[in-house]
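Written below as structure tokens is the structure these notes are about.
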Amino acid sequence: MAKVRESFGSSMAAVMAMAGSAIGLGNIWRFPYMVGQNGGAAFIIVYLLSAFFLSLPILLSETIIGRRTHAGTFGAMERLAPGTKWKWLGFLTIISPLIILSYYSVVGGWSIEYLIKAAGSGFGEDVPSLFGEFIVKPWAPLICHTLFLLLTAGVVSAGVKSGIERFNRISLPLLFVLIIVIMVYALTLPGSGEGVRYLLKPDFSKITPSVVASAMGQSFFSLSLGVGTILTYSSYMKKSANIFTSGVGTAFFDLLFALLAGFAIMPAVFAAGIEPGAGPGLIFETLPYIFAKMGAVAPWLSRGVSVLFFLTIVIAALTSSISMCEVGVAYLVDEKKMSRAKSSALIFGGCWLLGALCSLSFGPLSGVHLLGRTIFDFCDALTSNYLMTFGSLLFVLFVGWKMPRAAVWDEFTNGGTLSGNRRIFGVVWFLIRYVAPLVILTIFLTNLLA
Ligand code: PHE
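Heads up, the sequence shown is in the working numbering, so the first residue is 727 and it goes up one at a time.
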């Protein structure tokens, strides 16, 4: 007898898993800075519009394919378009999340190191140079990368329900509690009001076409689109779940967390009188520096908050990396009939190797360049600038132009039983079929020519 494929226990569990995938480093180290730099509240409005009118249709397209077939990316293409070139989309979206996982787990590893440091000796005011010295080392970052990837593969190998679902059910509420505690603390610091103003002061003159394009790019990355993670998670959704409300819920939690992260980080940055930045520098240099400065006044409080902060980052990164890992594991389990444990071990091995090269590209391999970039930067640029947009484009084209309209309608409305979804289907269909492809194509070509 064929083994029954696993599924998430409830619609809420599916939303939590998808939101866990979406909430990650993107929300913490890029969103707050982008908001402040690009017009504050004006940028938030643009981001909101692009998240709901562009990213949501892409997310729904992945969900429709995944839930319809109850198969991972490759299997889904085989079932809906057998014997066609669409199978390459299936392959592409197995490879791209694994490339992301490789370099993402290097950063996940750094967060583990910083969590240990925060809980141990704490930070001195020399943190910026500490970070520079740490990432160029060959061994310590490699060990942390290994640990992070082991945790990821460990959760995935425990199963969809007892691994992924259980981990997200605990982690997601915890992430919100943690970020709210940090935010409340940050907002009470003297001088924090400047950070709030930085995030909220609307400046519509900053909204240029390139700012709009980067808002869209950020919402793709933040919602984990175009790389098959949402498709794969949706394949574990029950037939009774409401695709639309699940998608809206995911986008809502993702945005909410990004905003909370902004109000947790920027007020602290301004209270310390520092110029805000983005990327690794923000979380591994600026914030530890702030913790160190606060440590002079309130050592225990500063220590406590810094532990909570790095714990938040480690957990947020894990809920994302687990979703990337699951794409490859689902393929091996479903199509190659391998056991979950063996599949997870295989994905661990492949990503460990590529991740090790990414990790070493800050130190011993810093001289190795691919198209003018270090291995780490190359993997990041390849996936965030090209593969995610390309995958998103193909997913909306597949649902809008390859799948029969009746099948899409059937999936979106649960066979016509969801009256609310029946009513909005026309709009969603229009967005998926015409608006999304044109806009994504424009972004893709802009990235290609930039
Ligand atoms: N959305 C995640 C973040 O914001 C990153 C991610 C990308 C996760 C692609 C899964 C797939 O950090």
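Glycine residues also receive a C-beta, built at the ideal position from the N, C-alpha and C atoms. Quick caveat, the model's predicted, so the values are computed rather than measured.
Quick check: the Cα distance between Met1064 and Ser950, rounded to an integer number of angstroms? Put simply, the backbone Cα of Met1064 is about 26 Å away from that of Ser950.
Inter-residue spacing [alpha-carbon to alpha-carbon] between Ser1046 and Tyr1160: Rounded to whole angstroms, the separation of the alpha carbons of Tyr1160 and Ser1046 is 30 Å.
Quick check: does the Cβ of Ala740 come within less than 7 Å of any heavy atom belonging to ligand 1? no
Taking the alpha-carbon positions, what's the Ser733 to Tyr1057 distance? 15 Å
Go ahead and pull the three-state DSSP assignment for Met727. Because the pLDDT at Met727 is just 42, under 50, the model does not fix this residue reliably, and the point stays unresolved.
Are Met1114 and Phe947 touching if we call contact CB-CB under 8 Å? Between Met1114 and Phe947, the C-beta spacing is below 8 Å.
Buried or exposed for Ala1162, please, with buried defined as at least 16 other CB atoms from any protein chain shown within 10 angstroms of its CB. With 16 or more Cβ atoms within 10 Å of its Cβ, Ala1162 is classed as buried.
State yes or no: is the beta carbon of Met992 nearer than 8 Å to at least one beta carbon in chain C? The displayed structure is made up of one protein chain only, and chain C is not part of it.
Give the C-beta separation of Val1094 and Ser1085 to the nearest angstrom, bearing in mind that I take them to be a contact with Cβ-Cβ under 8 Å. That pair is no contact at about 13 Å.
Apart from the five residues on each side of it in sequence, which residues of its chain come closer than 7 Å, Cβ to Cβ, to Arg1066? Excluding residues within five positions, the ones whose Cβ falls inside 7 Å are Ser883, Gly885, Val1055 and Val1059.
Give a yes or no on contact between the stretch 906-914 and the stretch 930-939, applying the rule of three or more CB pairs nearer than 8 Å. no
Ile969 and Ile784: beta carbons closer than 8 Å? The beta carbons of Ile969 and Ile784 sit no closer together than 8 Å.
Option nearest Tyr829 by Cα separation, candidates Ala967, Trp812 and Leu868: Leu868
If you run the structure through DSSP and keep just helix, strand and coil, what is Leu1096? strand
Expected contact under 8 Å - CB spacing of Trp755 and Ile1009 to nearest Å: Correct: roughly 5 Å between the Cβ atoms.
Using a Cβ-Cβ cut-off of 6 Å (strictly less than) and excluding sequence neighbours within five positions of Gly1152, which residues of its own chain qualify? Result list for Gly1152: empty, nothing under 6 Å.
So what does DSSP say about Tyr962, is it helix, strand or coil? coil
Residues near Leu898 by beta carbon distance below 8 Å, same chain, minus five either side: Once the five neighbours on either side are set aside, the close Cβ partners of Leu898 are Met742, Ala745, Gly746, Ile749, Phe979 and Thr1045.
Assuming Gly766 contacts Asp929 under a Cβ cut-off of 8 Å, what Cβ separation, rounded to an integer in Å, is found between them? 6 Å
Secondary structure, alpha helix (DSSP H): runs of 4+ residues fully inside the stretch 1094-1163: 1101-1107, 1114-1123, 1131-1138 and 1145-1156
If we ignore side chains and look at the alpha-carbon of each, how far apart do Leu774 and Leu780 end up? 10 Å
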